[in-house]
Ligand SMILES: Nc1ncnc2c1ncn2[C@@H]1O[C@H](COP(=O)(O)OP(=O)(O)OP(=O)(O)O)[C@@H](O)[C@H]1O
Ligand SMILES: [Mg+2]
């Protein structure tokens with residue numbers, strides 16, 4: 578609780594904090610702006626070869642062109658679609674499997690070494706196999722994206738389920754709770770913070786799966802644009818795609834943060 | 055004593071088995087608890103006090119012996135028994151009101167009447183303004199009071215309290231143990247109170263069971279006869295009774311603590 582009549586000192590303190598926040602923001606924006614200007618200037622003055630480095634103004638021009646023709650939104654749409662399905666399904670299925678492991682201690686122990694090995698394995702190594710098995714279209718790419726995020730989701734969620742205070746479960750038992758009620762009333766709510774942080778990580782992991790999948794299958798999507806741009810040596814296209822990818826990731830991350838603040842009201 | 059027996063503990067023994075060996079926690083314990091009594095349990099740390107309460111609550115089965123609560127054999131947790139833990143175990147993601155309603159929610163018996171009762175209990179015990187707050191916004195003492203209301207809501211006629219005040223600082227602990235003692239008497243509850251605080255046991259209990267070190271057996275059962283000042287019963291006032299020191303020394307000697 579704040580004291581109503583705020584002291585002189587407290588006002589100064591708040592002022593200092595605000596100043597500091599503003600300075601940090603200014604510095605962050607400056608790095609971006611100065612970087613872009615340097616890049617542009619260096620390319621114009623031929624300090625660097627813009628054939629292999631591209632430059633901001635031609636990236637922008639290309640962006641406008643793609644945006645006008647409309648096929649930019651087609652490619653971005655496809656990738657975002659694959660990514661969203663990938664991380665939602667990866668997280669969802671991972672949570673379901675983790676619930677299964679929590680339910681059966683026997684199977685949790687049986688499957689433990691497999692989980693550890695699967696977790697250590699770089700999942701992108703499986704991408705060619707998956708695409709052969711599932712098909713060289715959206716489905717293959719989505720399954721690749723799921724594969725990248727599911728194992729770490731299972732492990733994180735299982736650890737979180739197991740970290741519930743034993744006495745909280747005993748408390749529910751004294752009320753006569755069933756195992757399903759224990760899951761619903763304490764185990765899952767307790768793990769919501771972990772769920773959200775896993776979701777955050779999974780967005781990034783799912784992008785890895787999507788881009789790798791698109792590299793391999795190459796029909797449409799941001800990954801396709803990058804590969805295509807690389808093959809015909811159109812660095813403008815490659816750079817533009819990477820920038821768009823970065824922007825989309827940032828937006829999604831922001832979205833999850835907003836969700837987090839909504840869901841974790843009690844944690845303030 | 056012609057009062058009704060609420061708890062009958064009959065010759066129970068308990069041995070824990072783990073991969074590294076077995077631990078005998080309780081040996082040949084028998085006692086009864088009568089309606090409206092507060093019975094204190096003291097004993098050296100690790101002697102098996104929590105184990106004893108868990109058995110009475112039906113959370114674990116004894117190796118030998120049986121427990122009757124309200125004349126019925128205890129095999130699993132029952133609605134008649136409320137349990138309070140060392141830490142309050144409030145759920146951080148629920149408001150105080152939602153926490154208090156937890157037991158009823160599990161038993162599927164939330165309705166207008168029980169809602170009103172919850173609000174009334176919160177009001178009576180000074181938490182009315184906090185019913186929509188989250189646990190982290192409350193002090194330790196208030197949280198423990200909320201935990202007690204959560205237990206009372208399912209209307210158990212036996213309360214098992216496992217060191218419910220030990221996570222609190224000394225001042226809060228004195229105040230809240232006094233308050234909870236008065237609440238228990240006012241609501242006419244029968245209670246078993248595990249504590250390692252001898253003064254707390256004497257001031258709150260009608261009888262005190264002293265246990266030996268592990269495996270726990272009953273060393274003595276003491277019935278403190280305190281003349282509370284002003285003739286009104288209150289745990290905190292009872293600490294001023296002239297007989298208090300006598301019982302304190304007696305239990306202290308029986309616990310046989312070597313430092
Ligand atoms: N689940 C268990 N498995 C194996 N041993 C156990 C288990 N629970 C308790 N014990 C052992 O049984 C003994 C009694 O434990 P218990 O928790 O009942 O003692 P306590 O008197 O409540 O101790 P404290 O004063 O620390 O609360 C201890 O030696 C403990 O290590
Ligand atoms: Mg204990």
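Residue numbers (the working numbering), protein chains in the order written: chain F, 578 to 845; chain L, 55 to 313. Beta carbons: idealized from backbone N, C-alpha and C, even for Gly.
Verify the CB distance criterion: does residue i have a CB-CB separation below 8 Å to chain L?
i	result
residue 843 of chain F	yes
residue 884 of chain F	There is no way to answer for residue 884 of chain F, as the model of chain F reaches only from 578 to 845.
residue 754 of chain F	yes
What in chain F is Cβ-close to residue i, meaning under 7 Å?
i	result
residue 194 of chain L	Correct list: empty, because the minimum Cβ distance to chain F is about 16 Å.
residue 128 of chain L	Neighbours of residue 128 of chain L on chain F: none; closest Cβ ~12 Å, over 7 Å.
Give every residue of the same chain whose Cβ lies closer than 8 Å to the Cβ of residue i, excluding the five residues on either side of it in the sequence, and list them in chain order.
i	result
residue 754 of chain F	762
residue 684 of chain F	677 and 678
residue 116 of chain L	66, 67, 68, 80 and 109
residue 161 of chain L	133 and 208
residue 832 of chain F	none
residue 711 of chain F	717 and 720
residue 150 of chain L	144, 176, 181, 184, 185, 186, 187, 188, 189, 192 and 200
residue 306 of chain L	252
residue 279 of chain L	297
Consider the Cβ of residue i: report whether some Cβ of chain F lies at a distance smaller than 8 Å.
i	result
residue 70 of chain L	no
residue 131 of chain L	yes
residue 157 of chain L	yes
residue 188 of chain L	yes
residue 143 of chain L	yes
residue 161 of chain L	yes
residue 208 of chain L	yes
Please compile the residues from chain F whose C-beta is within a distance smaller than 8 Å of the C-beta of residue i.
i	result
residue 76 of chain L	Correct list: empty, because the minimum Cβ distance to chain F is about 21 Å.
residue 146 of chain L	843 and 844
residue 139 of chain L	744, 747 and 748
Enumerate in chain order the residues of its own chain whose CB-to-CB distance from residue i is below 7 Å, with the five nearest sequence positions on each side excluded.
i	result
residue 578 of chain F	Here residue 578 of chain F scores only 47 on pLDDT, less than 50, and its place in the model should not be relied on; the value that follows carries that caveat. Cβ neighbours of residue 578 of chain F beyond the five flanking positions: none.
residue 640 of chain F	817
residue 267 of chain L	98 and 101
residue 692 of chain F	728, 731 and 732
residue 707 of chain F	717, 720, 721 and 724
residue 928 of chain F	No answer is possible for residue 928 of chain F: it lies beyond the span of chain F, which begins at 578 and ends at 845.
residue 837 of chain F	773
Kindly list the residues whose CB is nearer than 6 Å to the CB of residue i, restricted to its own chain and excluding five residues on each side of it in sequence; keep chain order.
i	result
residue 128 of chain L	112 and 121
residue 788 of chain F	800
residue 308 of chain L	264, 273 and 274
residue 728 of chain F	695 and 696
residue 205 of chain L	136 and 138
residue 103 of chain L	95, 97 and 248
Find out if the Cβ-Cβ distance for the pair residue i, residue j is shorter than 8 Å.
i	j	result
residue 542 of chain F	residue 722 of chain F	Shown here, chain F extends from 578 to 845; a query on residue 542 of chain F therefore has no answer.
residue 800 of chain F	residue 792 of chain F	yes
residue 664 of chain F	residue 726 of chain F	yes
residue 812 of chain F	residue 630 of chain F	yes
residue 59 of chain L	residue 88 of chain L	yes
residue 295 of chain L	residue 96 of chain L	no
residue 93 of chain L	residue 246 of chain L	yes
residue 770 of chain F	residue 841 of chain F	yes
residue 783 of chain F	residue 734 of chain F	no
residue 701 of chain F	residue 775 of chain F	no
residue 156 of chain L	residue 164 of chain L	no
residue 224 of chain L	residue 843 of chain F	no
residue 830 of chain F	residue 780 of chain F	yes
residue 219 of chain L	residue 230 of chain L	yes
residue 221 of chain L	residue 140 of chain L	yes
residue 617 of chain F	residue 632 of chain F	yes
Residue i versus chain F: which residues are under 9 Å apart at the beta carbon?
i	result
residue 198 of chain L	Under the 9 Å cutoff, chain F gives no residues; its nearest Cβ is about 14 Å from residue 198 of chain L.
residue 135 of chain L	751
Of all Cβ atoms in chain B, is any one closer than 8 Å to the Cβ of residue i?
i	result
residue 734 of chain F	Going by chain labels, chain B is absent from the structure shown, which instead holds the protein chains F and L.
Legend entry - the region 735-764 of chain F: positions lying closer than 9 Å to chain L by Cβ: Taking 9 Å as the Cβ-Cβ cut-off against chain L, the residues of the region 735-764 of chain F that qualify are 742, 744, 745, 747, 748, 749, 750, 751, 752, 753, 754, 755, 758, 762 and 763.
Legend entry - Chain-ordered residues of the region 766-791 of chain F with a beta carbon less than 9 Å from chain L: Those would be 766, 767 and 769, in chain order.
Inset, instruction - Could you list the residues in the region 105-116 of chain L with a C-beta less than 9 Å from some C-beta on chain F, going in chain order? - result: Residues 108, 111, 112 and 113.
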